[in-house]
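Student: Before anything else, here's the structure in question.
There are 2 protein chains.
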Amino acid sequence: MTIISTAADVLRCFSQERQELTLTDVVALRGAPKSSTSRLLRAMREAGLLETVGNSKRYRPSLLLFQLGQLYRAGSSLMARAEDLLSDVVEEAGHSGYVSIRDGREVMGLRYFAGRHALRVGTPIGRRLLAQASATGRSLLARLPDDAVRALFADEFEIPSATAPQTVDDLLRRLAEVRRTGLSESWDESNRGVGALAVAVADPQTEETVSLCVTYPVATITADEKRIIANRLLAGARSIATVMGDRVCHALRAGEPAMQGT
Amino acid sequence: MTIISTAADVLRCFSQERQELTLTDVVALRGAPKSSTSRLLRAMREAGLLETVGNSKRYRPSLLLFQLGQLYRAGSSLMARAEDLLSDVVEEAGHSGYVSIRDGREVMGLRYFAGRHALRVGTPIGRRLLAQASATGRSLLARLPDDAVRALFADEFEIPSATAPQTVDDLLRRLAEVRRTGLSESWDESNRGVGALAVAVADPQTEETVSLCVTYPVATITADEKRIIANRLLAGARSIATVMGDRVCHALRAGEPAMQGT
DNA sequence: AACCTTGGTTCCATTTTTCGGGAATAAAGG
DNA sequence: CCTTTATTCCCGAAAAATGGAACCAAGGTT
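Protein sequence lines, in the order shown, are assigned to chains A and B. Sequential numbering from 1 applies to the first sequence in UniProt numbering. Sequential numbering from 1 applies to the second sequence in UniProt numbering.
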C-alpha cells in the first residue's frame with residue numbers, strides 16, 4: 001500500500017456536499033491517526049494537490065486538479081462531437097441536456113447544456129445518478145452484455161422510485177428495449193417530475209462511451225416534442241457512430257426513425 | 001521530498017498539448033529513471049489518479065480528478081471570483097473598479113473597489129448607468145446577438161454625450177469591436193472626465209453575467225497604464241471563463257494579449 | 001529465421017519515508 | 001480564560017522508494 005493511494009483516498013473524501021474539509025473532518029471520515037493525516041495534508045498542499053481556503057485551515061482541491069479535470073474531456077474527440085451535437089439539439093428543443101459517462105453503477109454528467117424554457121432541469125455537473133434508474137445510465141448499460149449487467153448488480157440493486165426498474169430482470173427487459181430502439185427513456189425516476197431521452201455512442205479506439213441525454217419536466221412535455229427530440233438524438237448518434245467507427249450501435253444502424261407513433 | 005510531490009510533478013506533465021502521456025514521455029519530461037517512473041505511474045493508476053486509455057499504455061488524468069475539478073468550480077460563485085480578480089487588479093493599477101450587472105438598458109454596480117490614487121472615480125454603488133454609454137454596459141451588451149440589442153433599444157435610445165454611440169448602428173459597430181477584442185472601452189461618456197475598461201464573464205450554468213471594469217480620470221491615464229489594465233483584465237477574465245466553463249467568451253479564448261500598440 | 005530496436009516491466013540490495021500514538025505546542029474561537 | 005482544533009516532535013519498527021540491470025514483448029529490418 002503506497003501513500004499515493006492514501007492521498008487519493010483523501011481526495012475522495014471531497015464531494016459535492018463536502019467541498020472543503022478540515023483536518024478533523026478527514027480524520028473522522030477515514031479513521032486514520034491525526035498526526036499522519038496532518039502530515040499528509042501538508043504534503044499534499046505543498047505538492048499543489050490541495051490548497052487552503054483563504055488563510056483558514058480548510059482544505060480543498062487545487063487549481064491544478066481543476067486543470068487536469070479539464071483535460072479529461074478536452075482530450076476526447078468523441079466528447080467534442082457529442083457536445084456539438086447536444087448543443088444543437090438543446091438549442092432546438094429548448095430543454096436541457098447532458099453528456100455523461102458511466103462509472104460502475106453510477107453515471108456522471110460531464111457537460112451540461114441549459115435549455116431555454118423557463119422550467120428546465122438544472123442538476124449540476126458532477127452529481128451522480130444511479131445507472132439503472134436513469135435514461136442516460138440505461139443507454140450506457142445497454143451496451144453491456146446481460147451477464148455483465150447481472151454481475152454489476154450482483155451485490156446490490158437500489159430502487160429509488162416506483163417507475164424505476166424494480167429488479168435486475170426488470171432492468172434487463174428495459175435494456176433489451178433500449179438495444180432494439182437505440183433509445184432510452186426515463187420518466188419520473190431519479191428526479192421527481194423529470195423525464196429524459198438518451199442515446200449512447202462509443203469510440204471503439206479508446207473504448208470510451210458517452211451518453212447524450214435531453215431532460216424535461218414530465219408535466220409539460222408533449223408527445224410531439226418527444227418524437228422530435230428522439231429523432232434528432234438518434235440521427236445525431238448515428239452520424240457520430242459512423243464517423244467514429246462505432247459498430248456496436250444496435251438500432252442506430254438501421255435507418256428507420258424511432259417512435260413514429262405516439 | 002515525498003513521493004506525493006513527485007506524483008504532483010507527474011500530473012503537471014499533462015497539458016492541453018500533452019493530454020495523454022506514455023511512460024517514456026514522462027521519463028523524458030522529468031529526466032527520472034525509468035523503473036521508478038513505471039512503478040509510480042502504476043501506483044497512480046491503481047490509486048485512481050490516472051487511467052489508461054483503452055487498453056493502450058497511454059495514461060491520462062482520471063475521472064476522479066475531473067470530479068474534483070468540478071468541485072473547484074462549484075466551490076465559489078462567479079461573483080466571488082470576479083471580486084477576487086478585480087480586487088487584485090485595482091490593487092495593482094491603483095484605479096477604482098466595479099463589478100456590475102445589466103438590467104435591461106441599464107447597468108448597475110454591485111461592488112466597488114476604491115483605488116489608491118488621490119484623484120479617483122467614486123461613483124457610489126447602486127447608481128445606474130446607461131448600458132450603451134459605458135464600457136461596462138457595452139461589455140455586457142456585446143454578449144447579446146445584434147437583433148436582441150436592436151430589440152432592446154427599439155423604442156428609445158438615449159445619447160448622453162458626444163463620445164457615446166450616437167445611433168443603434170453606431171453602438172452595434174462598437175459591440176462588434178468588443179466581441180473581437182474581448183475588451184470594452186469608454187472615454188468621457190456617461191461621466192465627465194471619466195474613462196473605463198471593462199470585460200464581461202458569464203457562468204453558463206446559472207446564465208448570470210457580470211462585468212468587471214476599471215475606471216480612471218481621462219486626464220491623467222497613460223497609454224501604458226491602460227495596456228497593463230487591459231491585459232490584466234483579459235487574462236483574469238480568461239481564467240474565470242475557463243473555470244466557469246464560459247465558452248461564449250469571444251476574444252478571451254485566444255491567447256494573444258490585446259492592445260499591444262499604444 | 002536470427003537480430004535489432006523500442007517501450008515497458010520486474011528484480012534486487014540499499015536508502016529513505018512513513019507510521020503511529022502520546023504529549024507538548026500553538027493558534028483560534030468562544 | 002477555557003475549549004476546540006491543528007501542528008509538531010519524538011523514535012524505532014515496518015514499509016516503501018530508488019536506480020541499475022536484467023528481462024519481456026512487439027514490431028520492424030535485414
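Glycine included, C-beta positions come from ideal geometry on N, C-alpha and C. Keep in mind the model is a prediction, meaning the values are calculated, not measured.
1. To the nearest angstrom, how far is it from the Cα of residue 153 of chain A to the Cα of residue 89 of chain B?
2. For residue 176 of chain A, does the three-state DSSP call read helix, strand or coil?
3. Taking beta-carbon pairs under 8 Å, can you tell me which members of the segment 52-63 of chain A lie near chain B?
4. For a test of the three-state rule: what should DSSP assign to residue 208 of chain A, helix, strand or coil?
5. Since residue 233 of chain A contacts residue 199 of chain A with CB under 8 Å, what's their CB separation in whole angstroms?
6. Return the Cβ separation of residue 214 of chain B and residue 80 of chain B in integer angstroms, given the expectation that the two are a contact with Cβ distance under 8 Å.
7. Starting from the Cα of residue 82 of chain A, find the closest Cα among A/114, A/210, A/228, A/148 and give me that residue.
8. Taking 8 Å as the CB-CB limit, is residue 8 of chain B close to chain A?
9. What does residue 185 of chain B touch in chain A if you count any residue whose Cβ is under 9 Å from its own?
10. Out of A/51, A/190, A/217, state which residue places its alpha-carbon closest to the alpha-carbon of residue 72 of chain B.
11. Would you give the residue range spanned by the beta strand (DSSP E) that residue 51 of chain B belongs to?
12. I'd like to know whether the C-beta atoms of residue 85 of chain B and residue 183 of chain B end up nearer to each other than 8 Å.
13. Just the Cα atoms here: how many angstroms apart are residue 133 of chain A and residue 31 of chain A?
14. Considering only residues of the same chain and omitting the five flanking positions on each side of residue 64 of chain B, which have a CB-CB separation below 6 Å?
15. Since I believe residue 131 of chain B is in contact with residue 140 of chain B (beta carbons under 8 Å), could you give me their beta-carbon distance rounded to a whole number of angstroms?
16. Out of A/74, A/36, A/21, which has the shortest C-alpha to C-alpha gap to residue 57 of chain A?
17. With a threshold of 8 Å between beta-carbons, can residue 166 of chain A be considered close to chain B, or not?
18. Which value, in whole angstroms, describes the spacing of the CA atoms of residue 162 of chain B and residue 189 of chain A?
19. Between the Cα of residue 138 of chain A and the Cα atoms of A/104, A/114, A/2, A/110, which residue gives the shortest distance?
20. Between the alpha carbons of residue 159 of chain B and residue 149 of chain B, how many angstroms are there, rounded?
21. How many angstroms separate the CA atom of residue 44 of chain B from the CA atom of residue 97 of chain A?
22. Let me confirm a value: residue 195 of chain A is counted as buried when at least 16 other C-beta atoms fall within 10 Å, else exposed. Which label applies?
23. Among B/151, B/164, B/135, B/113, which residue has its Cα nearest to the Cα of residue 178 of chain B?
24. On the DSSP bridge assignment, give the partners of residue 196 of chain A in chain order.
Tutor: So, from the listed chains and residues:
1. 54 Å
2. helix
3. 60, 61, 62, 63
4. strand
5. 5 Å
6. Actually they do not touch by this definition, with Cβ atoms about 19 Å apart.
7. A/210
8. yes
9. Result: empty, since nearest Cβ-Cβ is about 30 Å, beyond 9 Å.
10. A/51
11. 50-52
12. no
13. 33 Å
14. 48
15. 7 Å
16. A/21
17. no
18. 60 Å
19. A/104
20. 16 Å
21. 33 Å
22. buried
23. B/135
24. A/186, A/215
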